[in-house]
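Our numbering puts the last residue of the sequence shown at 188; the count rises by one with no breaks. One structure below.
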Amino acid sequence: IFYDKVLHNSELVGYLSYGAEMMDNISYLKLHKCYLLPSLHGFGYGQKMLFHIYQKAQAMKLKKIILNVNKRNEKGIKAYSRFGFRIIDSQVIDFGNGFVLDDYIMGYDI
């Protein structure tokens, strides 16, 4: 797993976590984390971060990027969709004690 910092004026304002994975004999880049300070939302940083991930996937010769996003994260879903990601599946996992993962799985073909 790789971690890349996002800097603004030499200050840490976000980060990305990603790595190559395989499922059904298909290699893809899994975007595990994509975080940016809310004060910087709407200034194009998110799209630049996704383009960075796209470039990493290309360099690794991968044909797809996959990520999970919470179904209630409307801003995240909109940002990923704007870049070209599409909802390809959903996932619900009950971890107990009231914690339920309720995500869309989004994909981007390179």
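Cβ atoms here follow ideal geometry from the backbone N, Cα and C, with glycine treated the same way.
Only counting runs of 4 or more residues, tell me where the alpha helix (DSSP H) segments fall wholly within the region 111 to 172, in order along the chain.
123 to 137, 152 to 161
Quick one: residues in its chain with C-beta nearer than 7 Å to the C-beta of Ala-98, no 5 flanking neighbours on either side, listed in chain order?
Ser-105, Leu-107, Met-138, Leu-140
Return yes when the Cβ of Leu-128 is within less than 8 Å of the Cβ of Val-91, no when it is not.
no
Asp-180 to Ser-88, Cα distance in whole Å?
35 Å
Proximity of Ile-155 and Gly-185 at Cβ, strictly below 8 Å
no
Limits of the unbroken beta strand (DSSP E) element including Asp-102:
Note, Asp-102: premise wrong, no beta strand (DSSP E); not H, not E.
Can you tell me which residues form a DSSP beta bridge with Ser-88?
Its beta-bridge partners do not exist; DSSP assigns none.
Tell me, which residues are paired with Ile-183 by DSSP?
Asn-146, Asp-167
Just to confirm my understanding: we take Leu-118, look at its own chain, exclude 5 residues before and 5 after, and list those with CB closer than 6 Å. What are they?
Val-91
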